[in-house]
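Numbering (UniProt numbering), first residue to last: 1 to 133. Ideal placement from N, C-alpha and C gives every residue a C-beta, glycine not left out.
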């Protein structure tokens with residue numbers, strides 16, 4: 001979490017604590033697996049806390065442009081549903097390093113009229129998201 005000071009420049013400690021809380025919740029969402037299939041998750045209009053997290057997407061290929069879009073849509077939807085403090089959420093797939101088995105995504109959103117950018121790395125070997133600078 002120390003690296004988050006570099007990601008967010010905020011004038012007050014209270015605001016920093018809020019952003020740390022949001023980032024922690026985003027990581028909890030992204031690193032928890034939903035009981036729904038990927039198709040069911042994307043097609044459901046309403047999801048409850050029973051469906052918290054992301055569905056398994058281990059069958060997606062990061063080399064496929066279509067699968068990258070599906071991954072971004074899934075991440076966007078899960079954050080829209082389970083992190084209500086953020087709005088206007090956009091997730092962009094920026095890079096895939098097949099040697100490191102890492103996919104880099106950028107999460108852009110709005111919190112109380114402030115733009116927020118959280119850079120994420122998906123560790124393919126573990127299917128785990130982390131925040132990076």
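Can you tell which of the options has its C-alpha closest to the C-alpha of residue i?
i	options	result
residue 98	112, 123, 30	123
residue 100	110, 90, 125, 63	125
residue 83	44, 54, 43, 36	54
residue 142	131, 92, 22	Here the chain comprises residues numbered 1 to 133, so residue 142 is not present and cannot be evaluated.
residue 39	22, 32, 13, 77	77
residue 108	23, 14, 15, 36	23
residue 79	49, 62, 37	49
residue 113	120, 64, 88	88
residue 35	68, 71, 57	57
residue 42	121, 70, 111	70
Taking the DSSP output, what are the residues bridged to residue i?
i	result
residue 111	114
residue 106	92, 119
residue 129	122
Please report the straight-line C-alpha distance between residue i and residue j, rounded to a whole angstrom.
i	j	result
residue 86	residue 103	23 Å
residue 132	residue 116	14 Å
residue 14	residue 95	33 Å
residue 74	residue 118	16 Å
residue 127	residue 44	23 Å
residue 51	residue 17	27 Å
residue 33	residue 63	22 Å
residue 19	residue 27	12 Å
residue 59	residue 90	23 Å
residue 81	residue 37	16 Å
residue 6	residue 121	Residue placement at residue 6 is poorly supported in this model, since its pLDDT is 47, which falls under 50; the coordinates still yield a value, given next. Residue 6 and residue 121: Cα-Cα distance of roughly 16 Å.
Under the assumption that residue i contacts residue j (Cβ atoms under 8 Å), give the Cβ distance between them as a whole number of angstroms.
i	j	result
residue 72	residue 47	Rounded, the Cβ-Cβ distance is 18 Å, inconsistent with contact.
Whole alpha helix (DSSP H) runs in the UniProt domain "IraD/Gp25-like" (21-102) with 4 or more residues, listed along the chain?
38-43, 65-82
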